[in-house]
Amino acid sequence: MQGGQMIVEENAQLSTVLTSSAKPSYIPSLTKIIATLGPKSRSVDTIEACLKAGMSGARFDFSWLDGDYHQETLENLRIAMKNAKKLCAIMLDTVGPELQVCNTTGNPIDLKADTHVTITSNISKEASAEVLPVDYAEFPKIVKKGDTVFLGQHLFTGHETSSVWLEVLEIKGENVICLVKNTASLSGSMITVCVSNVKINLATLTEKDKQIISTWGVKNNIDIISLSYTRHVEDVRELRAFLKMKNLSETQIYAKVETTEGLRHFDEILQEADGIIFGRGNLGIDLPPEKVFLFQKYAISKCNMVGKPVIVTRVVDSMTGNLRPTRAEATDVANAVLDGADGIMLGAETLRGLYPVDAVRTVGRICAEAEHVYNHTLHYKKIVKHVGEPMTHAESVASSAVRSAIKVKAATIVVFTSSGRAARPPVPIVAIVIPHLRANSLKWTFTGSSQARQLLGVRGIYPILASPDVAAPGSEESGLRPAIDHGRSAGFLKSNDRIVVFQKVGNSSVAKIVELQQFFI
Numbered sequence: 333m334q335g336g337q338m339i340v341e342e343n344a345q346l347s348t349v350l351t352s353s354a355k356p357s358y359i360p361s362l363t364k365i366i367a368t369l370g371p372k373s374r375s376v377d378t379i380e381a382c383l384k385a386g387m388s389g390a391r392f393d394f395s396w397l398d399g400d401y402h403q404e405t406l407e408n409l410r411i412a413m414k415n416a417k418k419l420c421a422i423m424l425d426t427v428g429p430e431l432q433v434c435n436t437t438g439n440p441i442d443l444k445a446d447t448h449v450t451i452t453s454n455i456s457k458e459a460s461a462e463v464l465p466v467d468y469a470e471f472p473k474i475v476k477k478g479d480t481v482f483l484g485q486h487l488f489t490g491h492e493t494s495s496v497w498l499e500v501l502e503i504k505g506e507n508v509i510c511l512v513k514n515t516a517s518l519s520g521s522m523i524t525v526c527v528s529n530v531k532i533n534l535a536t537l538t539e540k541d542k543q544i545i546s547t548w549g550v551k552n553n554i555d556i557i558s559l560s561y562t563r564h565v566e567d568v569r570e571l572r573a574f575l576k577m578k579n580l581s582e583t584q585i586y587a588k589v590e591t592t593e594g595l596r597h598f599d600e601i602l603q604e605a606d607g608i609i610f611g612r613g614n615l616g617i618d619l620p621p622e623k624v625f626l627f628q629k630y631a632i633s634k635c636n637m638v639g640k641p642v643i644v645t646r647v648v649d650s651m652t653g654n655l656r657p658t659r660a661e662a663t664d665v666a667n668a669v670l671d672g673a674d675g676i677m678l679g680a681e682t683l684r685g686l687y688p689v690d691a692v693r694t695v696g697r698i699c700a701e702a703e704h705v706y707n708h709t710l711h712y713k714k715i716v717k718h719v720g721e722p723m724t725h726a727e728s729v730a731s732s733a734v735r736s737a738i739k740v741k742a743a744t745i746v747v748f749t750s751s752g753r754a755a756r757p758p759v760p761i762v763a764i765v766i767p768h769l770r771a772n773s774l775k776w777t778f779t780g781s782s783q784a785r786q787l788l789g790v791r792g793i794y795p796i797l798a799s800p801d802v803a804a805p806g807s808e809e810s811g812l813r814p815a816i817d818h819g820r821s822a823g824f825l826k827s828n829d830r831i832v833v834f835q836k837v838g839n840s841s842v843a844k845i846v847e848l849q850q851f852f853i
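For the sequence shown, the positions run 333 to 853 when my numbering is used.
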């Protein structure tokens, strides 16, 4: 129940569960899937397969490896996009104020439960099962006896053996003596360190992040930046100003909220950011497990009401090494969709998991099933109530377009846009992004391709980059043709369907119903 009302359609029948496997659906999920590309998912063939399986965004995590490595992966992505004839958003994930164990040898570190290990701020020492050097001089000053420290690549649950839970026993100068709570083997040259509910006095946008954005980001004109460890609205504003200075003012900022400090300032962060990434991995360390779901529902609802995309992380961790998710994970994905999430982000599952393509495909299928029973009408009414009156002219006409689509059971809504902004109704949106000419003191350029890719972060929107002449008077029919062709190839448009067309003409916005038979005569 949500506000005393069902979050799923009332006509959802048990029979759909029993018959859904009889005939597989080829219609892609409306919920977007962002996949992290890395060692197991960077070849052209694998990326192309991920695109065809439903990947709409590619995340490049700069906590791992360098710009040259990620550049090779990006070039492979571009080839794969051409082969698959699909757009894909490019997301740069910043490192942020992340603490790490400096394991210069790269040798595995085997820790045994009930033994002692010393974390030291002296990074000249070699990492071992007895001593773990951390790249933060203030570490002994920010922790106290009884604090919990997590090390490794996974959130500790007590099951996996690649992360460890430590309890601080004593602080002696530059050394922090800890009790090892579980047996684990830590691997890699850099091992992440998280301290529960402890403030790290480091900048959110680090000098390393600025260097990466200034080089790799500028070179590739990235679509979205995931700002890791966003804690205050000033973090977003600082990045916005930096992007403007680097001529990346069209790059969107998704604030990654993953600490209790970020939760406390969530409302202000949401107002400034272009989207939100709900980082459940680190947040699951700062919050007790029983509290995470509550903030997830709150955050998604707030994002829905203000019309900003929200992406949920850490959903099918078990697929890093298994072909199928657990039943709990599958239910978790579906519940994120029912809550109203725009996208699902895959991390280790595609970065270094054994089954990256299957992970994308499986999550897509779960999302599609949840969307089938999602109560779109209730969601629409809640947003209309939240917006209130008076609405702006554009909001009023957009609302009428959605209402019309519901009333006439339209198969899709076609939106002509140059800004890349669009609403999220109960049917797919084909957004025809019209490039426009922009000038600076040095050159004239067409913009539009980045806006089209950025829409791949919003649930239910299928962007198409049109030619500039689509905006000319009398060109609507030629503009509709690629939208209709795309809808047919994607599987959500048939010759006897109706569509609702939403378009801005001069200073006015209009919505009208179009019968598709005339396009198939």
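Glycine included, C-beta positions come from ideal geometry on N, C-alpha and C.
Rounded to whole angstroms, the gap between the alpha carbons of His718 and Thr378 is 43 Å. The alpha helix (DSSP H) runs lying completely inside the stretch 498-583 and spanning 4 residues or more are 539-544, 565-577, given in chain order. One Cα belongs to Ala516, the other to Ser781, and the distance between them is close to 46 Å. Annotated three-state conformation of Lys372 is coil, per DSSP. In chain order, Ile474, Glu593 place their CB closer than 8 Å to the CB of Lys531, counting only its own chain and leaving out the 5 sequence neighbours on each side. A contact is defined here as three or more CB-CB pairs under 8 Å, and the stretch 566-574 fails this definition with respect to the stretch 436-447. In the three-state scheme derived from DSSP, where H, G and I count as helix and E and B as strand, Lys444 is classed as coil. For Arg410, the enclosing alpha helix (DSSP H) stretches over residues 399-416. Closest in alpha carbon position to Lys457, among Ala445, Val433, Phe471, is Val433.
Counting only the Cα atoms, Lys623 lies some 21 Å from Gly675. Taking 8 Å as the cut-off, the beta carbon of Thr426 is found closer than this to the beta carbon of Leu559.
Inter-residue distance for Ala416 and Leu383 is about 7 Å (C-alpha atoms, whole angstroms).
The beta-carbon separation of Val647 and Ile632, rounded to 13 Å, does not stay under the 8 Å limit for a contact. Collapsing the DSSP output to three states places Thr663 in a helix. Assignment of Asp690 by DSSP, reduced to helix, strand and coil, places it in the helix class.
Distances from the CA of Cys510 to each of Thr538, Lys588, Asp479 were compared; the closest alpha carbon is that of Asp479. Going by C-alpha positions, Asp606 is about 10 Å away from Gln786. For Glu727, the enclosing alpha helix (DSSP H) covers residues 725-739. The DSSP-derived three-state label of Val648 is coil. Assignment of Leu419 by DSSP, reduced to helix, strand and coil, places it in the coil class. One Cα belongs to Ser732, the other to Ile609, and the distance between them is close to 30 Å.
Just so you know, the alpha carbons of Leu419 and Ala445 end up roughly 48 Å apart. Beta-bridge partners assigned by DSSP to Ile764: Phe748, Ile796.
DSSP places Asp467 in the coil class of the three-state scheme, outside both helix and strand. According to the DSSP assignment, Leu678 belongs to the beta strand (DSSP E) that extends over 675-678.
Annotated three-state conformation of Ile845 is strand, per DSSP. One Cα belongs to Val644, the other to Phe482, and the distance between them is close to 22 Å.
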